[in-house]
Every structure is written in C-alpha cells, then in structure tokens.
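> When we follow my numbering, the leftmost residue of the sequence shown carries the number 86, and every step to the right adds one. Each residue gets a CB set at the ideal place from its N, CA and C atoms; glycine is no exception.
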Amino acid sequence: MKITDVKIIVCSPGRNFVTVKIVTDEGLTGVGDATLNGRELAVASYLKDHLAPLLIGRDPSRIEDIWQYFYRGAYWRRGPVTMAAIAGIDTALWDIKAKAANMPLYQLLGGASREKVLCYTHAQGRDIAEAVEAVGRRKEQGYRAIRVQVGIPGLPDVYGTGAKSVTNNALDDAVPHEETWSTSKYLRYVPELFTAVREAHGWDVELLHDAHHRLTPIEAARLGKDLEFARLFWLEDAMAAEHQEGFRLIRKHTTTPLAVGEVFNTIWDARLLMEEQLIDYIRMTTVHAGGVTALRRIMDFASVYNVRTACHGAMDMSPICLGANLHLDLWVPNFGIQEYSGYLPEILEVFPGAWSLSDGYLHPGEAIGHGVDIDERLAEKYPYQRAYLPVNRLEDGTLWHW
Ligand SMILES: O=NC(=O)[C@@H](O)[C@H](O)[C@H](O)CO
Ligand SMILES: [Co+2]
C-alpha cells in the first residue's frame with residue numbers, strides 16, 4: 086500500500102479545527118486531528134509545506150518509522166506545533182492500519198480492559214449559585230464526575246466561567262480577550278464554592294477543579310490544603326508546570342490529588358512529575374502529545390509510577406481526537422478518566438463518529454479504525470476565522486500565567 090495524497094483541512098464549525106486526511110492507493114483513508122487552539126495555521130503550514138510532501142509514496146503501515154522520521158528527523162524536536170503536526174499524521178496512519186486489519190483501533194492496541202470509559206464534564210457559573218445549579222443540571226444528564234469553575238467576585242469574566250466559556254476561545258475577537266486576575270480573591274473564594282456544591286449535591290458525585298496554571302507552588306499548596314475537606318477527584322494545572330520540581334512543594338502540603346499535562350507535548354515535559362509521583366493524573370492527549378504512537382508510550386511510562394491517564398478532551402480538540410483517545414482509554418490498564426465537554430451540533434455534523442455517551446460513560450464504538458471521519462464538503466461551509474484563547478493580566482497589568 087502507498088500514500089497517494091495528504092490533505093490538510095482547516096475548518097471552523099463554531100471553532101477552528103485542523104484535520105489531516107491521508108489517502109492510499111488501495112482506497113483506504115485515515116484522518117487525524119492536528120488542532121492547536123489559537124495557532125492553527127502554524128500547524129497547517131508545518132503539515133502542508135514540510136511534512137505532507139515527504140509522505141507521498143511511503144508505505145502507511147510503517148507508523149513507527151514515519152513517527153521517528155518526523156520526530157528525530159525534524160532536528161528541531163518537540164514543541165506544540167511540531168507535535169500536533171506529527172499527531173495528525175500518526176492518528177491518520179493508525180486509523181488506516183486498523184481499517185486494513187478490519188478492526189476497531191482498541192483491538193489493535195491490546196483489546197478492551199473495561200466495558201466503558203468514565204468521563205467528566207464541565208459546569209460553571211458567574212457566581213456560586215449559578216455554578217451549583219450547573220452541577221445539578223450535569224448530574225441530571227447522568228454525569229458522575231463534574232469539573233466546577235466559578236467567576237470571582239471583584240473580577241470581570243474569568244476564563245471558562247462566563248457565557249463564552251462554551252467554545253473556550255474568542256472566535257469573535259480579532260485579538261486575544263484580556264482577562265484580569267487576582268490570586269488572593271480566587272484563593273479566598275474557591276473553598277466557598279466547594280462547600281456550597283457539596284452541601285447542595287452531596288458526596289456521590291466526583292468533583293474536579295482546574296486552576297489553569299495560575300498559582301505559585303506555595304499558593305497551589307494552600308489551595309490543595311484548603312480543598313481537602315471537599316475530597317476532590319483532582320485539582321488540575323495548579324501551577325505552570327515547566328517547573329516540574331515545583332510540584333514537590335505542593336505534594337508536601339496536601340493530599341488533594343493533582344492532575345497536569347494538557348499543554349505538554351512530549352514525555353520530557355512530564356518525566357520528573359511521574360517518576361517522583363508528584364502528580365496522580367497525566368492529562369496528555371492524542372493531538373498535542375504526538376499521536377497514538379507517542380501517547381501509548383507515555384501511558385505505559387505513567388503506569389510504572391501509578392499515574393493514571395486523563396486525556397484532555399475539551400471542545401478545542403476535534404471529535405477525531407476524542408475518538409482516538411477513547412480507543413486508548415478502553416485499552417489502557419492505568420485508565421483514570423476522560424474529559425468530555427460536549428460539542429456544538431455543527432461540529433458533530435462535520436465530524437461524524439461511532440463513539441457514544443450514556444449515563445456518564447463514553448465508548449469508542451465498534452467501527453473499524455478509530456471510528457470518526459470528516460465530511461469534507463460540509464467542512465468547506467465553515468471557513469477558518471482567526472481566533473485566540475484569552476490572555477491573563479494581574480490587576481496591576483502584569484501579564485500572568487494561564
Ligand atoms: O482541562 N480542560 C481545560 O483546561 C480546557 O477547558 C482548556 O481550557 C481548553 O481546552 C484550552 O484550549
Ligand atoms: Co485544564
């Protein structure tokens with residue numbers, strides 16, 4: 086079998102996605118997600134101008150060799166753009182291989198280790214009352230694990246808590262929306278949020294919270310400690326994790342489980358965190374971690390250190406990424422949880438898939454390959470629109486983490 090064509094499809098059904106479609110001379114095709122929220126065209130060009138030409142004529146079954154060719158062969162290794170581009174190709178190649186083997190991808194990985202995939206979803210509010218109500222709605226929809234985020238009194242819209250939080254990016258802003266942040270206001274308020282949520286909804290629902298990299302190590306330790314009463318499933322992205330050693334301080338002070346990794350793109354970003362068991366969940370996902378080939382390796386490394394998987398899966402990864410994740414989620418022995426924040430209807434039309442959600446659990450389905458495709462004609466109806474994630478400033482104007 087030979088690769089005869091590589092298409093890079095950029096579309097925007099409610100938000101921007103970059104999709105790789107690989108065509109072979111035997112009629113088999115495969116698709117992969119290569120979306121990088123806010124820098125989509127950099128990945129599209131990396132693929133179109135640099136990688137796609139090198140794929141034509143190659144044997145699509147040589148997935149590992151192609152992965153190494155683009156990783157080691159790049160010379161300039163790692164980074165979100167490079168690894169998202171490699172991910173798009175790699176995921177498409179695994180899709181083709183599973184189709185050629187006439188089986189769902191999870192069978193190729195080693196078969197199912199569970200019947201279904203536990204997921205968590207998002208609930209947010211501009212204030213505690215709204216957030217408590219949102220948790221109630223998510224419980225009624227059958228979710229067993231819910232991430233709770235809330236606006237902070239005295240601060241304007243905080244990321245992921247206002248009306249625009251559905252798409253997590255500013256489609257209608259020609260420049261990144263600038264948020265204002267105060268850690269002290271935040272640290273005082275979040276424990277009140279979880280007191281109210283536990284009071285209203287009890288203990289049979291798993292609660293998660295995402296600090297989106299905004300704290301220093303000691304502030305993260307403080308929050309973890311202050312939230313121990315709420316018995317969270319996890320506190321996520323407590324601090325910007327380039328400084329992996331910083332988690333030693335957090336770990337020393339709190340038993341609140343820690344999750345990190347959605348912005349990581351190679352194992353090197355997480356090695357120390359996992360070797361020293363400084364985290365409990367690794368949040369790396371197919372599209373940002375370099376595809377199925379890389380993520381499978383990272384998941385196995387995590388299992389050696391009792392770290393569980395928790396693939397990132399918000400709406401700024403396409404349903405193709407979710408589909409591929411779900412096959413890994415069904416197979417991986419050290420599974421933790423899968424993020425699922427739902428998709429706008431137009432996204433599900435452009436990316437039809439075999440996966441399903443019921444009663445707070447997902448399943449990849451039994452279609453051959455990873456079970457998700459792209460409707461190219463429909464995708465054309467949604468041309469790219471430049472959009473960004475917000476940026477974050479302290480009240481004095483300092484450009485801050487997020
Ligand atoms: O854990 N999930 C998250 O943090 C998401 O909501 C991210 O903010 C967006 O995917 C960033 O593009
Ligand atoms: Co997150």
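1. Can R232 and D311 be called in contact, C-beta distance under 8 Å?
2. Just the C-alpha distance for H328 and T109, rounded to the nearest angstrom, thanks.
3. Would the beta-carbon of D295 be found less than 7 Å away from any heavy atom of ligand 2?
4. Quick check on the burial criterion: 16 or more other C-beta atoms within 10 angstroms. Buried or exposed for A399?
5. May I ask you to report which of helix, strand or coil DSSP gives S250?
6. Tell me which residue opens and which closes the beta strand (DSSP E) that D150 is part of.
7. Rounded to whole angstroms, what is the Cα-Cα separation between G196 and D322?
8. Please find out if some non-hydrogen atom of ligand 2 comes closer than 7 Å to the beta-carbon of D322.
9. My understanding is that L380 touches P404, with C-beta atoms under 8 Å, so please give their C-beta distance in whole angstroms.
10. If Y156 sits next to I171, beta carbons under 8 Å apart, how far is it from one beta carbon to the other, in whole angstroms?
11. Give me the DSSP bridge partner(s) of Y205.
12. At a threshold of 7 Å, does G245 count as lining ligand 1 (C-beta to nearest heavy atom)?
13. Please classify D184: is it buried, with 16 or more other beta-carbons within 10 angstroms of its beta-carbon, or exposed?
14. Counting only the same chain and skipping the five closest in sequence on each side, list residues whose C-beta sits under 8 Å from that of S250.
15. By Cβ distance, which residues of its chain are closer than 6 Å to G445, with the 5 residues on each side in sequence left out?
16. Using a Cβ-Cβ cutoff of less than 6 Å, which residues in the same chain neighbour L194 once the five nearest sequence positions on both sides are dropped?
17. By Cβ distance, which residues of its chain are closer than 6 Å to A395, with the 5 residues on each side in sequence left out?
18. Taking all protein chains shown into account, do 16 or more other C-beta atoms lie within 10 angstroms of the C-beta of T340, making it buried, or fewer, making it exposed?
19. Quick one: what's W319 bridged to in DSSP?
20. With a floor of 4 residues, list each alpha helix (DSSP H) that falls wholly inside the segment 382 to 423, ordered by position along the chain.
21. Count the other C-beta atoms from every protein chain shown that fall within 10 angstroms of the C-beta of L484, then say buried if there are 16 or more, exposed otherwise.
22. Round the Cβ separation of I107 and I88 to the nearest angstrom and send it over; I've been treating them as touching at under 8 Å.
23. By the 10 Å Cβ neighbour count, where 16 or more other Cβ atoms means buried, how is K337 classified, buried or exposed?
24. Mind checking whether P261 and V476 have CB atoms under 8 Å apart?
25. Since F332 is in the alpha helix (DSSP H), which residue starts that stretch and which ends it?
26. If you reduce the DSSP assignment to three classes, tell me which class W288 lands in.
27. Identify the residues that DSSP records as bridge partners of S441: which are they?
Judging by the given coordinates:
1. Sequence index remark: in the sequence shown, residue 232 carries index 147 (1-based). Sequence index remark: in the sequence shown, residue 311 carries index 226 (1-based). In this structure, D311 does not lie closer than 8 Å to R232 by Cβ.
2. As a first step, residue 328 must be located in the sequence shown, where it is residue number 243. As a first step, residue 109 must be located in the sequence shown, where it is residue number 24. Rounded to the nearest angstrom, the two C-alpha atoms are 43 Å apart.
3. Position 210 of the sequence shown, counting from 1, holds the residue named residue 295. Yes - ligand 2 has a heavy atom lying nearer than 7 Å to the Cβ of D295.
4. Residue numbering aside, residue 399 sits at position 314 when the sequence shown is read from its first letter. The residue is buried, with at least 16 neighbouring Cβ atoms inside 10 Å.
5. The sequence position of residue 250 within the sequence shown is 165, counting from 1. With a pLDDT of only 48 at S250, under the threshold of 50, the placement of this residue in the model should not be trusted, and no figure is reported.
6. Your numbering for residue 150 matches position 65 in the sequence shown. Run containing D150: none in the beta strand (DSSP E); it sits in the alpha helix (DSSP H), I148 to Y156.
7. Along the sequence shown, one-based indexing puts residue 196 at 111. Along the sequence shown, one-based indexing puts residue 322 at 237. So the alpha carbons of these two residues sit roughly 31 Å apart.
8. If you number the sequence shown from 1, residue 322 lands on position 237. Within the cutoff, so yes.
9. Residue 380 sits at position 295 when you count from the first residue of the sequence shown. Residue 404 sits at position 319 when you count from the first residue of the sequence shown. Going by Cβ atoms, the distance from L380 to P404 rounds to 17 Å, so no, they are not a contact pair.
10. Numbered from its first residue, the sequence shown carries residue 156 at position 71. Numbered from its first residue, the sequence shown carries residue 171 at position 86. Confirmed, Cβ separation roughly 6 Å.
11. Position 120 of the sequence shown, counted from the first residue, corresponds to residue 205. Residue pairing of Y205 in beta bridges, as defined by DSSP: E424.
12. Indexing the sequence shown from 1 puts residue 245 at position 160. Result yes, Cβ under 7 Å from ligand 1.
13. By one-based count along the sequence shown, residue 184 stands at place 99. It is worth fixing the name first, because residue 184 is Lys in this sequence and not Asp. Classification of K184: buried, given that the 10 Å Cβ count is 16 or more.
14. Position 165 of the sequence shown holds residue 250. Any reading at S250 needs caution, since the residue's pLDDT is 48, under 50, leaving its predicted position unreliable; the model's value is listed next. Excluding residues within five positions, the ones whose Cβ falls inside 8 Å are H207, Q209, Q234 and Y244.
15. As a first step, residue 445 must be located in the sequence shown, where it is residue number 360. Closer than 6 Å at the Cβ level, and outside the excluded window around G445, lie G227, Y228 and R229.
16. Working through the sequence shown from its first residue, we reach residue 194 at position 109. Excluding positions up to five away in sequence, the list reads W416.
17. Taking the sequence shown and counting its residues from 1, one reaches residue 395 at position 310. Contacts found: A344, Y366, R368, G421 and I422.
18. Along the sequence shown, one-based indexing puts residue 340 at 255. Answer is exposed; the Cβ neighbour count stays below 16.
19. As a first step, residue 319 must be located in the sequence shown, where it is residue number 234. W319 is bridged to L293.
20. Here the runs fully enclosed are 404 to 416.
21. For the purposes of this step, residue 484 is taken as the residue at position 399 of the sequence shown. Counting C-beta atoms within 10 angstroms of its own C-beta, L484 has fewer than 16 neighbours from the protein chains shown and is therefore classed as exposed.
22. To locate residue 107, count along the sequence shown from 1; it is residue 22. To locate residue 88, count along the sequence shown from 1; it is residue 3. The Cβ separation is near 6 Å, so the contact holds.
23. By one-based count along the sequence shown, residue 337 stands at place 252. Exposed, since its Cβ has fewer than 16 Cβ neighbours within 10 Å.
24. If you number the sequence shown from 1, residue 261 lands on position 176. If you number the sequence shown from 1, residue 476 lands on position 391. A contact, by the Cβ cut-off of 8 Å.
25. On the sequence shown, position 247 is the one that residue 332 refers to. Counting along the chain, the alpha helix (DSSP H) containing F332 begins and ends at G331 to H338.
26. The residue labelled residue 288 in the question sits at position 203 within the sequence shown. Three-state result, W288: coil.
27. For the purposes of this step, residue 441 is taken as residue 356 along the sequence shown, with counting starting at 1. Looking at the DSSP assignment, S441 forms a beta bridge with H448.
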